[in-house]
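What follows is a single structure, written as structure tokens, with notes after it.
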Amino acid sequence: MSSGNGGLIPLTAKDFKSDQEVRWCPGCGDYAILNAVQGFMPELEIPREKIVFVSGIGCAARFPYYMETYGMHSIHGRAPAIATGLATARRDLSVWVIGGDGDMLSIGGNHLIHTLRRNVNLTILLLNNEVYGLTKGQYSPTSERGKVTKSTPMGSVDQPFNPLSVAIGAEATFVARAIDTDKKELSEVLRAAAAHRGTSFVEVFQNCNIYNDGAFDFVREQKENRIYLRAGEPIVFGDRGVRQAEDGSAEVVDASTPGILVHDPSHVEPSVAFALSRLTFDTVGATPLGIFRSVARPAYDEAVADQIRLATEQRGEGDLKTLLHAGDTWQID
Amino acid sequence: MSSGNGGLIPLTAKDFKSDQEVRWCPGCGDYAILNAVQGFMPELEIPREKIVFVSGIGCAARFPYYMETYGMHSIHGRAPAIATGLATARRDLSVWVIGGDGDMLSIGGNHLIHTLRRNVNLTILLLNNEVYGLTKGQYSPTSERGKVTKSTPMGSVDQPFNPLSVAIGAEATFVARAIDTDKKELSEVLRAAAAHRGTSFVEVFQNCNIYNDGAFDFVREQKENRIYLRAGEPIVFGDRGVRQAEDGSAEVVDASTPGILVHDPSHVEPSVAFALSRLTFDTVGATPLGIFRSVARPAYDEAVADQIRLATEQRGEGDLKTLLHAGDTWQID
Amino acid sequence: MSSKPVEHLDRVIIRFAGDSGDGIQLTGDRFTSETALLGNDLATLPDFPAEIRAPAGSLPGVSGFQVHFADHDIFTSGDQPNVLVAMNPAALKTNLADVPKGGMVIVNTDAFNERNLQKAGYEASPLSDGSLAGLHVHEVALTSMTVTALKGIEGITSREAERSKNFFALGLMLWLYHRKTEGTLAFIEQKFGNTPSIAEANTRAFKAGYNYGETSEDFAVSYEIAPAHLAPGRYRQITGNGAITCGLIAASRLSGLPLFLGAYPITPASSILEELARHKNFGVTTFQAEDEIAACGAALGASFGGSLGVTTSAGPGVVLKSEMVGLAVMLELPLVILDIQRAGPSTGMPTKPEQADLLLVLFGRNGESPVPVVAASSPSQCFHAAIEAARIAIKYRTPVYLLSDASLANGSEPWLIPDVDALPSIASPFATGPNDGDLFHPYKRDPDTLARPWAVPGTPGLEHRIGGLEKEDVTGGISYDPDNHDAMVRLRARKVANIAADIPDLEVDDPDGGARILVLGWGSTYGPIGAAVRRVRKAGHEVASAHLHYLNPFPRNTGDVLRRYDRVLVPEMNTGQLLKLIRAEFLVDAVGYNRVRGLPFRSSELAETITALVER
Amino acid sequence: MSSKPVEHLDRVIIRFAGDSGDGIQLTGDRFTSETALLGNDLATLPDFPAEIRAPAGSLPGVSGFQVHFADHDIFTSGDQPNVLVAMNPAALKTNLADVPKGGMVIVNTDAFNERNLQKAGYEASPLSDGSLAGLHVHEVALTSMTVTALKGIEGITSREAERSKNFFALGLMLWLYHRKTEGTLAFIEQKFGNTPSIAEANTRAFKAGYNYGETSEDFAVSYEIAPAHLAPGRYRQITGNGAITCGLIAASRLSGLPLFLGAYPITPASSILEELARHKNFGVTTFQAEDEIAACGAALGASFGGSLGVTTSAGPGVVLKSEMVGLAVMLELPLVILDIQRAGPSTGMPTKPEQADLLLVLFGRNGESPVPVVAASSPSQCFHAAIEAARIAIKYRTPVYLLSDASLANGSEPWLIPDVDALPSIASPFATGPNDGDLFHPYKRDPDTLARPWAVPGTPGLEHRIGGLEKEDVTGGISYDPDNHDAMVRLRARKVANIAADIPDLEVDDPDGGARILVLGWGSTYGPIGAAVRRVRKAGHEVASAHLHYLNPFPRNTGDVLRRYDRVLVPEMNTGQLLKLIRAEFLVDAVGYNRVRGLPFRSSELAETITALVER
Ligand SMILES: Cc1ncc(C[n+]2csc(CCOP(=O)(O)OP(=O)(O)O)c2C)c(N)n1
Ligand SMILES: Cc1ncc(C[n+]2csc(CCOP(=O)(O)OP(=O)(O)O)c2C)c(N)n1
Ligand code: SF4
Ligand code: SF4
Ligand SMILES: [Mg+2]
Ligand SMILES: [Mg+2]
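Taken in order, these protein sequences are the chains called H, W, V and C. The numbering of the first sequence is this note's numbering, which starts it at 15 and goes up by one. The numbering of the second sequence is this note's numbering, which starts it at 15 and goes up by one. The numbering of the third sequence is this note's numbering, which starts it at 163 and goes up by one. The numbering of the fourth sequence is this note's numbering, which starts it at 163 and goes up by one.
The structure is reproduced here in structure tokens:
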């Protein structure tokens with residue numbers, strides 16, 4: 015157990031490695047993500063003791079053990095709820111939630127969407143491998159239709175969630191996507207997510223080489239299918255570009271077509287961000303990466319603190335004796 | 015207890031009234047909805063015994079007691095899950111789920127979104143009164159920001175859900191909205207919802223005259239703010255109309271402006287429907303009513319039944335003896 | 163004050179009953195306040211209808227409020243009302259059976275019209291068909307007299323005028339029992355001051371009712387009940403949920419930990435959330451969550467961060483929290499879980515009290531998952547129970563269940579307001595540095611309490627990770643070692659068991675020391691048991707009683723106490739949950755008295771059972 | 163077959179251990195199959211690492227498989243292995259302590275390189291530092307001999323060649339214990355036929371291993387274990403979860419109700435979902451839900467529609483289902499809830515067995531919420547336990563918990579396949595018409611079973627509404643009537659209690675009838691208790707044993723049985739849950755034998771405890 019540093023000496027990635035042996039399968043995409051996160055942490059310039067990682071259960075959810083910060087490996091699906099309490103009660107902390115697609119979109123889907131609409135000051139990393147890793151390979155709510163897994167020997171029959179569409183539909187203020195092995199972009203997304211006041215939601219495509227190998231090869235390996243979103247720049251990739259179609263959807267066209275969208279993540283109205291979220295392997299074989307949406311809205315914890323402050327200003331700091339004596343009282347001698 | 019009719023004699027609204035005394039507060043919007051539903055039921059031409067209403071807990075959730083069909087008043091938030099099992103196991107039934115905004119978007123939010131993505135053959139009526147009625151007036155996940163209620167004496171501080179945006183973000187195939195007292199439109203929506211194969215999601219603005227009176231007056235009373243959506247027709251209301259803005263959002267403009275949207279609920283790509291869902295009191299002071307989205311996608315129950323059929327075709331109807339004797343066996347004499 | 167003859171009584175039980183729209187709760191509350199001010203001991207029990215607003219005049223729409231007051235200390239809101247005030251036929255119908263022969267019934271004759279009689283299911287009017295034989299019936303035209311009294315007030319419709327009839331009834335009842343009126347007049351001014359016409363209407367109706375008592379020949383005598391000899395001090399009325407609210411805020415102050423409440427509304431727990439939300443100036447955070455799991459999770463998250471995390475619910479919601487409480491057991495963090503019990507199973511009868519969640523809170527989690535349990539015994543005692551639950555949670559770093567129920571939650575009684583300075587302080591020693599040379603071991607325990615160090619985020623150098631997997635002793639690392647698991651299971655159990663040394667012994671009330679029978683209770687049966695025992699003793703029998711405020715662990719002397727008696731009777735509003743526990747633990751052949759009626763016990767019935775045992 | 167001397171043994175316990183990537187489970191499975199075919203009685207216990215793929219060569223990455231086989235009927239997979247096959251240093255390190263003095267250890271010397279030794283935390287090689295003194299050590303260069311044997315197979319890299327080493331080990335072990343090879347050769351063909359090079363590699367490695375035994379001087383003797391005298395009939399090997407799968411499908415067939423499984427994956431229950439999903443041609447619907455609440459809710463919804471609704475989980479997920487099970491209690495519909503117990507509390511040790519959810523399933527719901535509980539006692543007995551749980555659920559219209567645990571779930575044993583025609587039929591009498599003249603009352607009960615009529619949607623004329631609010635007796639309408647509630651609470655309890663008349667009496671195994679001590683077990687301790695009792699008897703003592711398959715209600719003669727003995731010992735893998743129940747119910751001063759180590763009991767230890775009691 016190394017000691018905190020009170021933020022005085024610049025930290026390095028190594029300072030964020032805990033003494034726990036990392037126990038993911040060799041080749042698992044989680045390693046790269048851990049690496050990127052540990053590498054990014056020093057940039058925060060927040061002392062380690064002020065950082066907390068909260069997770070549920072799953073392979074991804076082992077993450078906190080490997081971070082030399084405060085951490086809680088809680089129960090399946092409930093990390094956003096626990097983190098909401100922590101971040102609301104302790105506004106001085108940097109609170110990170112991390113988990114898999116099963117953890118956060120299956121059992122934990124409700125806590126996720128409510129956290130997003132509340133806009134509690136948290137950063138949520140959803141490590142999406144489109145499968146249940148820890149329980150050894152059942153399909154997940156993000157598995158594509160027809161997926162053959164241990165629990166769906168004849169193929170799954172349900173439509174998967176698109177995590178970003180769910181988030182945008184749930185009033186998220188910050189929505190982004192990155193790829194496990196794309197350290198540069200992932201770090202940039204982490205940077206913006208950490209800087210955002212409110213709930214930042216980041217989907218990371220994470221390869222599970224044991225139970226769902228190659229799920230993201232269409233962008234992870236075929237880099238030409240990566241549509242990097244850059245604020246203020248036209249959305250182009252290679253010789254293709256994204257245009258707002260007449261029906262309000264986003265479509266992929268030749269980059270030279272007029273009317274290519276100029277990306278504006280700060281646009282308050284969420285419809286473009288939503289349309290962009292629909293560009294996926296299924297629809298266009300390519301998919302946007304980076305920050306889809308980043309808009310300002312008061313954070314829940316802030317508003318809660320404001321009310322406490324206001325109440326105290328208006329009524330004075332609560333006095334226990336006065337409280338107990340409130341209302342009609344009478345004396346018996 | 016009146017007897018079923020096997021679908022032979024045409025039914026009337028009266029046939030759908032159970033012998034239970036209706037126990038909502040006088041003036042509650044639920045009465046009008048009950049009335050509309052009972053009035054619509056005969057049109058289904060389905061015998062009463064084939065109809066099931068499933069609900070959770072709340073004022074709205076008392077609905078099944080008043081319907082002379084099969085019914086289950088279950089537990090808070092879980093009706094979509096229970097109905098999923100019932101509708102999947104019993105494809106011959108017409109299954110209806112009914113509940114309030116607390117029931118289905120607060121505690122039951124996860125079941126709702128998963129039901130929508132699965133597209134189980136159900137009709138879900140969300141009676142949204144933007145408050146918790148049964149527990150006597152706390153704010154709900156659809157209450158507007160700043161709402162003063164018993165549990166938020168200084169006003170609520172969280173962003174509400176837009177139920178239709180949530181549904182569209184969750185891959186819903188049928189999404190509609192109606193107003194409790196607008197019997198004609200409500201009946202039309204019910205008609206289309208019942209006809210849709212898969213999960214139909216209908217939000218009904220319901221006035222709770224005790225705890226949140228007038229919440230929908232801007233369209234319930236001010237009829238000029240009703241934007242009726244009609245397939246194949248331009249979206250106009252009075253002298254105003256809805257246009258697709260450059261940023262992909264929907265905007266309200268003068269009806270004579272060129273480029274007024276022609277409504278197409280069957281459009282598979284959900285971005286327009288999403289943009290339309292953003293038109294609300296907050297954004298434009300008016301709101302669309304009717305069917306936002308209605309697209310075909312295989313229903314979950316259908317696909318499940320297909321797999322059972324296929325497995326049986328391929329391997330023959332399961333034989334218990336063969337099952338027990340599967341794998342290596344040996345004889346001991 | 164009155165010119166009529168005065169009778170002296172030692173105690174009276176009045177039940178106000180009417181339509182939910184009739185303002186019955188307000189009437190009852192005001193009567194109670196005036197009664198409290200006179201120094202009577204008292205206890206109340208409101209009885210809400212399950213529906214928000216059942217149809218006016220219907221049986222399910224009847225709302226009731228019972229108040230019991232006396233010149234001596236009393237235990238309960240009373241079994242049967244001496245006086246029933248029935249504002250309409252439905253109120254008469256649902257309550258009449260409870261009025262004993264010779265009781266008084268005051269009816270609002272104006273409400274006994276065809277329509278209302280029909281709604282209440284009366285074929286003929288009970289006022290004329292002999293149904294009320296043997297009762298002292300006062301027929302009062304409450305509505306019309308109110309309307310008459312209000313004539314001429316500007317801006318008041320006759321419908322509005324009718325609404326003031328509860329103040330007429332209140333005035334009449336205050337006259338009848340020699341209560342004062344100033345408090346109520348001030349109350350009307352304060353509450354309705356914004357709409358002067360309404361204030362005026364209520365004031366006039368109130369005075370008219372009072373004067374009607376004085377002038378009407380129908381009321382020949384009035385009654386006086388002398389003040390009770392209560393302990394000296396300043397009193398207020400308080401409900402159980404009100405007392406819990408105060409207790410939680412007090413615990414927060416006493417420990418210096420900010421209070422964080424995570425809650426999801428549910429009857430009969432909601433008012434704790436609602437009440438705490440009004441006290442933000444105490445640094446209280448109230449979080450209305452999306453469900454009970456999140457409510458509990460957020461409270462636990464806040465505890466991890468150094469708050470006093472509390473979560474409130476009733477049975478169906480408490481069940482949902484179980485997995486999270488299991489995590490808290492593993493994390494060994496403070497957490498207070500309030501279960502305001504109501505009648506089950508499942509949704510059951512949401513507004514009615516029951517004591518059937520005891521085994522749930524003890525055993526409702528997977529694995530060996532010991533959690534201390536504290537139970538409140540009366541509305542005002544909820545204050546101390548809440549402080550005690552918080553104290554144990556903080557000191558031992560453990561979740562603690564606090565059990566109350568619907569009857570305590572809404573019932574009220576006078577409360578001798580405690581001296582703030584005399585409340586115990588609660589030490590909340592956060593870990594501030596390493597506990598093994600340079601190292602910090604998050605599961606290295608305090609040798610006395612067995613509590614692990616509570617190192618909150620923000621403390622430099624104590625960064626650590628905790629979770630729901632089994633932990634290695636001392637270090638808290640993940641461990642699958644078989645012997646470590648066995649040891650940790652026992653350690654967690656011992657930590658909770660050891661709390662027995664830190665709670666008071668079970669007190670036995672056995673005035674003459676010769677009883678052979680012990681009545682052992684817990685929770686809200688405190689009142690009915692106390693009243694029943696008093697009755698039995700009055701009849702000349704000896705009987706002992708004891709009341710458990712700690713259900714896990716039991717006080718250290720519990721076994722000794724139980725074994726001292728020939729027979730132990732355990733009255734519970736369940737089918738025998740504490741009974742099962744004490745039989746298993748102490749192998750005493752105790753017997754149960756079990757009524758699962760969604761109502762507090764009738765002490766008369768209980769007294770009969772005790773008497774039968776004593777006389778055997 | 164072999165030219166070497168042959169020794170005859172009555173039983174052997176072999177443990178295969180290696181890295182998770184070493185194919186240990188497959189090796190163990192194959193060895194077990196060949197052993198079963200020879201007619202030995204056997205029992206197995208796999209021991210998976212908690213991680214999916216912990217780093218190769220690491221301690222947490224060790225996977226184990228123990229098989230116990232004998233010429234007589236046996237109860238358990240054995241306490242301590244006579245033979246340990248260790249594929250690498252980590253496997254040796256984690257398992258060595260379990261091998262008794264004089265035991266045999268076969269090590270793969272190729273794996274004992276610097277790197278692997280270091281990963282296992284060995285400072286010096288245990289092969290040379292005396293650590294293995296007192297053991298019969300066979301050092302075998304498994305990897306390199308395999309690679310050599312595979313030389314020349316086209317398309318096989320040397321890494322791939324190394325992977326076949328488990329087949330080398332298997333061949334060697336089959337030779338050593340005189341097992342046949344045909345089955346395995348066929349298995350390789352079937353499993354790897356698609357990739358001929360791999361099939362060829364495994365076949366060659368397998369044969370090489372077998373031949374190595376025959377030729378190597380290191381193995382001087384081989385062993386024979388005669389077939390056991392088992393009941394005649396056709397056998398197969400089956401795991402507990404496999405047997406549950408078969409039992410559920412059988413119950414569906416026997417009752418004519420379609421099977422609907424609602425499940426959410428969780429260790430160690432997932433394989434039931436996975437297995438049932440492969441049997442859709444039995445009309446089985448498997449629904450992988452978003453969480454356990456939905457899984458249970460969907461099953462209940464399906465039951466409402468006339469299916470046999472089943473839901474499976476382990477502790478943390480079972481807890482989440484509790485509120486829904488409470489609803490099922492109120493609705494009185496059939497529902498089977500499977501709890502494959504694992505070590506808790508909270509996430510605990512997910513792959514390890516425990517018996518600590520008994521009180522959870524009995525009491526984990528709000529209100530008085532009685533639910534029958536059935537517990538399986540051995541892997542193959544899971545078949546009948548599943549049918550029995552379904553039978554009770556269907557006949558009495560009630561949720562029923564079925565308890566198994568991680569050791570039963572994955573453990574396997576030979577199963578005398580029952581005659582399908584001899585299985586009991588399960589009547590599932592749907593209501594078809596009114597039950598009171600023209601009226602249909604959904605809560606009018608069968609006077610014998612107290613079950614209410616099960617009227618499924620689609621039945622004309624029986625339309626009705628049910629829910630979680632308290633019901634009026636007979637009609638099922640909502641009722642807040644106090645006496646009705648009390649009556650219904652008792653009715654529901656009586657319905658469950660009455661099932662005692664419909665289950666077999668508790669059987670006592672007391673061969674000479676003179677025992678003074680009774681050992682009472684439940685669940686997976688059946689095997690260890692049986693083995694321990696046999697040991698004690700072999701040593702000349704008398705001891706009786708009995709095993710509860712029904713935990714609620716208890717068999718009718720339970721009290722009589724318990725009272726017949728001077729002393730009752732209750733061994734449990736918890737801190738005394740059944741113990742608490744029988745003490746409370748029967749007031750017997752029973753004592754517990756409690757080990758909460760996440761492992762099946764060692765029968766030797768248990769035998770010592772029994773002996774101490776007997777000799778006292
Ligand atoms: C209440 C509960 N239900 C189920 C489980 C079993 N479980 C653990 S992790 C997991 C899903 C893992 O998938 P995901 O969240 O996608 O994480 P991954 O392992 O793929 O990173 C499940 C079903 C559990 N631990 N607790
Ligand atoms: C598990 C559980 N938690 C909480 C409750 C209490 N409860 C009942 S209904 C309800 C919310 C009602 O609001 P809504 O669903 O909007 O329905 P409405 O009454 O407004 O129609 C709540 C919180 C409950 N019955 N069960
Ligand atoms: S199972 Fe998949 S997600 Fe889990 S550690 Fe292995 S590779 Fe990674
Ligand atoms: S409280 Fe509101 S929603 Fe409930 S019945 Fe009354 S008016 Fe309707
Ligand atoms: Mg995953
Ligand atoms: Mg509502």
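All residues carry an ideal CB built from backbone N, CA and C; glycine is no exception.
CB of residue i within 8 Å of CB of residue j, strictly
| i | j | result |
| --- | --- | --- |
| C/H298 | C/V267 | yes |
| V/L624 | V/A613 | no |
| H/V66 | H/G85 | yes |
| H/D117 | H/N143 | no |
| V/G721 | V/L741 | no |
Buried versus exposed, by CB contacts within 10 Å (16 or more), residue i
| i | result |
| --- | --- |
| W/E82 | buried |
Contact with chain W by residue i, beta-carbon distance below 8 Å
| i | result |
| --- | --- |
| C/F449 | yes |
| V/R607 | no |
is_contact[residue i, chain V] using C-beta, thresh 8 Å
| i | result |
| --- | --- |
| H/D320 | no |
Opposing strand residues paired with residue i [DSSP bridges]
| i | result |
| --- | --- |
| V/N714 | V/V535 |
| C/R177 | C/Q228, C/L246 |
| V/I411 | Paired residues: none, contrary to the question. |
| C/A706 | C/L680 |
| H/M81 | H/K31 |
Contact list for residue i against chain W, beta-carbon separation under 9 Å
| i | result |
| --- | --- |
| H/H339 | By Cβ distance, chain W contributes nothing, its closest Cβ being about 21 Å from H/H339, past 9 Å. |
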